[in-house]
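For the protein sequence lines, the chains are P and F, in the order given.
With this note's numbering applied, the first sequence corresponds to residues 135 to 458, in that order.
With this note's numbering applied, the second sequence corresponds to residues 135 to 458, in that order.
Number of protein chains: 2
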Amino acid sequence: MSNNLEQKIDEILSRGVAEVIDKADLRKELLSGKKLRIKLGIDPTSPNLHLGRAITLWKMKDLEDLGHQIVLIFGDATGVIGDTSDKDSERPMLQEETVKKNLETYKEQVAKIINIKKAEVHFNSEWLAKLGYNEIGEHADQFSLAEFSARENIRERLKAGKRVSLREVLYPLMQGYDSVAIKADVEIGGTDQRFNLLAGRNLQKHFGQKQQNIIMVNLIEGTDGRKMSSSWGNTINLTDEPNDMFGKVMSITDDLIIKYFIHCTRVPMKRIKEIENQIKSEKINPRDAKLELAFEIVKIYHGENKAQKAKDYFINTFFGYNTS
Amino acid sequence: MSNNLEQKIDEILSRGVAEVIDKADLRKELLSGKKLRIKLGIDPTSPNLHLGRAITLWKMKDLEDLGHQIVLIFGDATGVIGDTSDKDSERPMLQEETVKKNLETYKEQVAKIINIKKAEVHFNSEWLAKLGYNEIGEHADQFSLAEFSARENIRERLKAGKRVSLREVLYPLMQGYDSVAIKADVEIGGTDQRFNLLAGRNLQKHFGQKQQNIIMVNLIEGTDGRKMSSSWGNTINLTDEPNDMFGKVMSITDDLIIKYFIHCTRVPMKRIKEIENQIKSEKINPRDAKLELAFEIVKIYHGENKAQKAKDYFINTFFGYNTS
């Protein structure tokens with residue numbers, strides 16, 4: 135049993151994971167039997183969640199399954215300010231109405247992966263809207279301009295002579311303070327969030343809290359091979375209709391098949407290894423591996439029945455014959 | 135009369151002035167007969183105002199005498215955040231109590247120069263305390279990180295590897311918004327305030343107001359020859375006792391005599407020119423010019439009677455004979 139738990143923890147800390155801070159401490163905490171508070175922030179910058187953003191949700195689900203308390207923060211306050219972590223240029227400030235509108239369906243979308251009834255759900259305006267210059271000044275005091283300017287995407291934009299707005303300085307303070315507000319033990323985020331995730335540790339330290347551990351997951355590419363991003367229209371959305379979703383997965387390049395299996399499904403790693411080996415040794419056609427992948431993904435969001443129908447439809451339409 | 139007004143305006147725009155933005159527009163406005171709103175912000179970073187900080191007050195008085203509305207802003211909010219414009223390193227955040235305590239005597243000190251009864255007086259927490267992340271984000275969006283980092287003192291600190299806190303980014307936003315809040319037509323400040331003063335124009339533009347004009351006055355050196363600054367203990371304070379004040383003025387270096395006459399007194403420029411020529415042509419001993427200067431300065435803050443006594447005391451004590 136304990137051995138089984140260790141295995142699960144090791145998978146959680148490695149599958150789709152780029153970096154863990156601090157890994158030894160987190161492993162110890164996860165083994166301790168303590169119920170940890172696992173934080174995930176989601177900004178409503180577009181109306182749809184996509185497979186790329188679901189990677190963190192899967193990590194949440196894994197930890198929920200281990201009995202930890204997941205804490206979802208919908209960024210109604212951060213969404214307005216806007217994070218440019220993953221962008222090579224400024225992101226416009228959103229109108230509050232846009233943010234609210236985008237938020238409406240988020241709970242429903244998130245519930246496709248995690249058990250939202252067991253989750254603690256917050257909007258970060260709960261605490262961020264109460265902060266004024268005094269508090270924000272105190273928080274800002276914990277960070278240096280040099281650190282901020284050295285962030286990879288900021289440094290590159292500055293070097294290219296692109297504008298970086300002073301507004302962008304505020305974002306990590308907000309995300310960081312979210313961790314203080316909900317007393318996070320662990321925060322999950324993409325690798326592009328590194329600075330913002332560390333901001334949480336920084337502010338927690340200032341406020342005398344134990345510093346959260348961090349699980350950074352990989353980002354995945356979208357249907358055009360570039361990073362999956364709502365700004366680029368290359369996303370596979372959790373709300374896509376079965377046939378669309380199936381077709382979009384079939385359109386990804388072959389070299390992404392295994393990455394998608396690892397990050398976007400919960401097919402056991404053992405099976406994924408098998409598929410990987412079969413593709414490498416040309417024992418299966420990548421197209422067939424992709425059919426399995428697309429089926430798995432549609433199954434998650436629409437159930438087995440609809441997944442089978444989407445598969446049949448795809449094969450009939452595009453292959454012109456029935457393989458089933 | 136109109137000619138007389140033009141002369142007065144020309145003196146206001148030149149005596150002790152380093153730069154005017156935008157000079158042509160400001161001159162036109164001052165001649166128009168319109169009652170302008172003249173802004174001066176004073177942060178309570180130390181308990182005492184000194185001659186260096188009084189330079190802006192003199193400019194306020196000159197404009198008050200012309201019938202304009204002077205608007206004094208006591209920076210109870212900005213004082214906490216702290217401005218490092220004139221500093222070569224970070225300034226600590228002040229406690230709110232320190233700021234309040236320092237503020238107590240400020241009105242009294244300011245009233246030594248301007249007619250505080252005719253002035254409009256504000257504390258900037260009136261409006262700044264109402265702002266949250268949304269508004270601050272909107273304001274911050276009007277500024278770029280590159281502009282901020284290019285400020286002379288910031289650039290030099292970054293180059294020297296000294297820490298610049300993200301808190302310092304907030305200060306110009308606050309001072310700039312003060313101008314929006316009180317709808318300033320003109321702001322007066324030291325040359326070290328250039329970025330903050332321009333921030334007011336920037337934000338006023340964003341909020342659809344006419345951009346304030348700016349009168350930047352020179353900074354003066356203190357008793358040790360370095361810039362007069364409370365941080366350095368080289369100040370001559372408005373609250374100094376007559377004998378102390380007299381003695382401190384007597385201790386400045388000879389090359390500062392004319393500068394002090396111009397910036398710290400309202401002795402007519404014609405008389406100052408005379409003194410300057412007499413010193414140059416060695417018709418008077420600089421020490422005697424300094425006696426006149428010290429007398430003038432003590433007279434302003436303590437009246438003619440006490441100024442005379444301080445002069446007598448100084449001469450008796452330090453020269454060992456009576457020149458009067």
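Quick reminder that beta carbons are idealized off the backbone N, C-alpha and C, glycines included.
Note that the coordinates shown come from a computational prediction; the quantities given were computed from them, not determined experimentally.
Using three-state DSSP, classify residue i as helix, strand or coil.
| i | result |
| --- | --- |
| MET350(F) | strand |
| LEU206(F) | strand |
| GLU153(F) | strand |
| PHE452(F) | helix |
| LEU372(P) | coil |
| LEU183(P) | coil |
| ILE409(P) | helix |
| VAL298(P) | coil |
| LYS193(P) | helix |
| SER365(P) | helix |
| GLY266(P) | coil |
| GLU224(P) | coil |
| GLU272(P) | helix |
| GLU140(F) | helix |
| GLU355(P) | strand |
| ARG328(P) | helix |
| LYS404(P) | helix |
| GLN309(P) | helix |
| LYS168(P) | coil |
| GLY334(P) | helix |
| ILE316(P) | helix |
| GLU198(P) | helix |
| GLU290(P) | helix |
| GLU163(F) | helix |
| GLU145(P) | helix |
| LYS414(P) | helix |
Between which two residues does the beta strand (DSSP E) holding residue i run?
| i | result |
| --- | --- |
| CYS425(F) | The residue you asked about is not Cys; residue 425(F) is Leu in the sequence shown. Run containing LEU425(F): none in the beta strand (DSSP E); it sits in the alpha helix (DSSP H), 420 to 448. |
| ASP321(P) | Note on identity: in this sequence residue 321(P) is Glu, with Asp being the wrong assignment. Where GLU321(P) is concerned, the enclosing beta strand (DSSP E) stretches over 320 to 324. |
| ARG171(P) | 171 to 176 |
Who are the near neighbours of residue i in its chain, counting only those whose CB is closer than 6 Å to its CB and skipping five residues on each side?
| i | result |
| --- | --- |
| ARG225(F) | GLY216, THR218 |
| PRO306(P) | PHE329, ASN330, ALA333 |
| ILE392(P) | GLU410 |
| ILE146(P) | ASP196 |
First and last residue of the alpha helix (DSSP H) that includes residue i?
| i | result |
| --- | --- |
| GLU260(F) | 259 to 262 |
| PHE282(P) | 279 to 284 |
| PHE341(P) | No alpha helix (DSSP H) holds PHE341(P); DSSP gives it neither H nor E. |
| ILE391(F) | 391 to 398 |
| THR212(F) | 212 to 215 |
Can you list, in chain order, the residues of its chain whose CB lies under 8 Å from that of residue i, leaving out five sequence neighbours each side?
| i | result |
| --- | --- |
| ASN137(P) | none |
| THR212(P) | GLY175, ASP177, ASN258, LEU262, TYR305, MET308, GLN309, ASP312 |
| SER363(P) | GLY186, ASP220, GLY356, THR369 |
| PRO420(F) | ASP388, ILE391, ILE413 |
| ALA152(P) | THR325, MET350, VAL351, ASN352 |
| ILE250(F) | LEU206, LYS241, VAL244 |
| ASP528(P) | The question about residue 528(P) has no answer, for chain P in this structure spans 135 to 458. |
| ASP508(F) | Lying outside 135 to 458, the shown extent of chain F, residue 508(F) is not represented and no answer is given. |
| THR399(F) | LEU427, GLU430, ILE431, ILE434 |
| VAL154(P) | LEU147, LEU160, ASN347, ILE348, ILE349, MET350 |
Spatial neighbours of residue i within its chain, please: C-beta separation below 7 Å, excluding the five flanking residues on both sides.
| i | result |
| --- | --- |
| LYS142(P) | LEU200 |
| ALA274(P) | LEU307 |
Only counting runs of 4 or more residues, tell me where the alpha helix (DSSP H) segments fall wholly within the stretch 228 to 256 of chain P, in order along the chain. Counting only runs of 4 or more, we get 230 to 238, 240 to 244.
Contact between the stretch 346 to 365 of chain P and the stretch 181 to 191 of chain P: three or more CB pairs below 8 Å? Enough Cβ pairs lie closer than 8 Å, so yes.
For the stretch 335 to 345 of chain F and the stretch 373 to 387 of chain F, state whether three or more C-beta atom pairs, one from each stretch, are separated by less than 8 Å. With contact defined as three or more Cβ pairs closer than 8 Å, the stretch 335 to 345 of chain F and the stretch 373 to 387 of chain F are not in contact.
Is the stretch 279 to 294 of chain F close to the stretch 249 to 261 of chain F, with three or more CB pairs under 8 Å? The stretch 279 to 294 of chain F is not in contact with the stretch 249 to 261 of chain F.
For the stretch 326 to 342 of chain P and the stretch 317 to 337 of chain F, state whether three or more C-beta atom pairs, one from each stretch, are separated by less than 8 Å. These segments do not touch.
Touch test, the stretch 420 to 428 of chain F against the stretch 384 to 392 of chain F, Cβ-Cβ under 8 Å, three pairs minimum: At 8 Å Cβ cutoff, the stretches touch.
So, does the stretch 273 to 280 of chain F touch the stretch 296 to 303 of chain P, judging by three or more C-beta pairs under 8 Å? Touching, per the Cβ criterion.
At least three beta-carbon pairs within less than 8 Å, the stretch 156 to 175 of chain P to the stretch 187 to 203 of chain P: At 8 Å Cβ cutoff, the stretches touch.
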